[in-house]
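S.K.: Just so you know, the sequence shown maps onto residues -20 to -1, 1 to 229 in mature numbering (1 follows the signal peptide of the UniProt record, and there is no 0).
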Amino acid sequence: MNKKIAIIFTALILSLTIHAKDYKASLFGIKSDGVTLNTASIQYAIDHISANGGGQLNFYVGRYLTGSFQLKPNVTIQLHEGAILVAFQSAYDYLSLNGTPALILADSVENIGITGKGVIEGHGQGVLKSISTQVEKGFLKESDLQTRPALIHFNGCNNVKLEGIILRDACGDAQVYTDCKDVTVNNITVESKALPGSKGMVISGCDGVTLGDSYFDTSGSELVSDKPSKRVTVKQSINAAGKKLQFRK
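(1) What's the call for Phe119, buried or exposed, on a 16-neighbour Cβ count within 10 Å?
(2) If we count Cβ pairs, one from each stretch, closer than 8 Å, do we get three or more for the stretch 92 to 102 versus the stretch 127 to 147?
(3) Is Asp153 buried or exposed, if buried means 16 or more other CB atoms sit within 10 Å of its CB?
(4) At 3 residues or longer, what runs of the beta strand (DSSP E) sit wholly inside the stretch 177 to 226?
(5) Rounded to whole angstroms, what's the CA-CA distance from Thr46 to Ala221? Just pull it up for me.
(6) Would you say the stretch 109 to 118 touches the stretch 161 to 178, given that touching needs at least three Cβ pairs under 8 Å?
(7) Among Leu17, Gly14 and Asn54, whose alpha-carbon lies nearest the alpha-carbon of Asn32?
(8) Give me the Cα-Cα distance between Ala20 and Pro81, rounded to the nearest whole angstrom.
(9) Look up Leu(-5) in the DSSP assignment and say whether it is helix, strand or coil.
(10) Exposed or buried, Lys121, counting other C-beta atoms within 10 Å across all chains shown (16 or more means buried)?
(11) Quick check on Leu131: buried or exposed, where buried means 16 or more other Cβ atoms within 10 Å of its Cβ?
(12) If contacts are defined as beta-carbon pairs under 8 Å, then Gly192 and Ser209 qualify, I think. What distance do you get, rounded to the angstrom?
(13) Mind checking which residues open and close the beta strand (DSSP E) that includes His60?
(14) What is the DSSP secondary structure of Ala25, counted as helix, strand or coil?
(15) Check the C-beta distance from Cys151 over to Gly188 and give it rounded, since I have them as a contact under 8 Å.
(16) From this set, Arg43, Gly14 and Tyr3, which residue's C-alpha is nearest His28's C-alpha?
(17) Go ahead and pull the three-state DSSP assignment for Ala150.
(18) Is it buried or exposed, Asn78, if we count other Cβ atoms within 10 angstroms and call 16 or more buried?
(19) Under DSSP, the alpha helix (DSSP H) around Ser110 begins and ends at which residues?
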């Protein structure tokens, strides 16, 4: 009997622990009204989850306006169907990593991901207009027009997963992976044609990248390697013309 009670108690604790790793975005005051700027709240949520052992931050139906934020170790963003992360259309709300600004960044962390059936909306034209306006006023340099914000930029990260999501209308490239290891990108859709030269996926100096079952409709190249990468696998992924994507070193 005591053994049975111990097993039940252990299972209960395990269940509670797993449940505790699952967080609703609203718990941190993150608003889905499409008006409230959630940057600080999202970053606080990510920091809190990472500091407490990691877990999943769940976004449900709604439009979540945000500027740049950084993923931290052992944190996955889950965009449920109907959830849209909306890029704030301001030149001053983007952080830069190694010269590449992006909406979602991660630097030298492990066990991170963005999954689900939701959307990351870049509002590329609006962001570029904001940058152009600030350049014209002399507040930003002309060179800032050449480094347009990506949707995702991960640098030096290990064990990265993107699955199921839609990346839409980036100002710059849709996703950039630099010096990362063990990256899995599966069943995603990239729709980024609002501005010229928007690349679908940039791989630079990575080791162990798998791209599968994905669709790319971009104004620039779908899949690009800026510097040599190792163990890159591409399977069952196509562009808008129906051609299979191939990785060229």
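Don't be surprised by glycine CBs; every beta carbon is placed ideally from N, CA and C.
M.R.: Checking against the coordinates, here is how it stands:
(1) One-based indexing of the sequence shown puts residue 119 at position 139. Exposed, since its Cβ has fewer than 16 Cβ neighbours within 10 Å.
(2) yes
(3) Counting from 1 along the sequence shown, the entry for residue 153 is found at position 173. Asp153 sits buried, since 16 or more C-beta atoms from the chains shown fall within 10 Å of its C-beta.
(4) 181 to 184, 187 to 192, 195 to 198, 203 to 207 and 210 to 215
(5) Translated into positions along the sequence shown, residue 46 becomes position 66. Translated into positions along the sequence shown, residue 221 becomes position 241. For Thr46 and Ala221, the distance between alpha carbons rounds to 33 Å.
(6) No contact exists between the stretch 109 to 118 and the stretch 161 to 178.
(7) Reading the sequence shown from its first residue, position 52 is the one you call residue 32. For the residues Leu17, Gly14 and Asn54, the minimum Cα distance to Asn32 belongs to Asn54.
(8) Here residue 20 refers to the residue found at position 40 of the sequence shown. Here residue 81 refers to the residue found at position 101 of the sequence shown. Taking the straight line joining both Cα atoms gives about 17 Å.
(9) For the purposes of this step, residue -5 is taken as residue 16 along the sequence shown, with counting starting at 1. With a pLDDT of 39 at Leu(-5), under the threshold of 50, the modelled position of that residue is not reliable, and the figure given next carries that caveat. Three-state result, Leu(-5): helix.
(10) Along the sequence shown, one-based indexing puts residue 121 at 141. Looking at its Cβ environment, which holds fewer than 16 other Cβ atoms inside 10 Å, Lys121 is exposed.
(11) If you number the sequence shown from 1, residue 131 lands on position 151. With 16 or more Cβ atoms within 10 Å of its Cβ, Leu131 is classed as buried.
(12) Mapped onto the sequence shown, residue 192 falls at position 212. Mapped onto the sequence shown, residue 209 falls at position 229. 16 Å between Cβ atoms; not a contact.
(13) Position 80 of the sequence shown, counted from the start, is the residue given in the question as residue 60. First-last for His60: undefined, no H or E at that position.
(14) Taking the sequence shown and counting its residues from 1, the one referred to as residue 25 is at position 45. Reduced to three states, the DSSP call for Ala25 is helix.
(15) Taking the sequence shown and counting its residues from 1, one reaches residue 151 at position 171. Taking the sequence shown and counting its residues from 1, one reaches residue 188 at position 208. A Cβ-Cβ separation of about 28 Å leaves Cys151 out of contact with Gly188 under the 8 Å criterion.
(16) Residue mapping note: residue 28 aligns to position 48 of the sequence shown, counting from 1. The candidate whose alpha carbon is nearest that of His28 is Tyr3.
(17) For the purposes of this step, residue 150 is taken as the residue at position 170 of the sequence shown. Coil.
(18) Along the sequence shown, read from residue 1 onward, the residue named residue 78 stands at position 98. Exposed is the call here.
(19) As a working mapping, residue 110 is identified with position 130 in the sequence shown. Element bounds for Ser110: Gly104 to Glu116.
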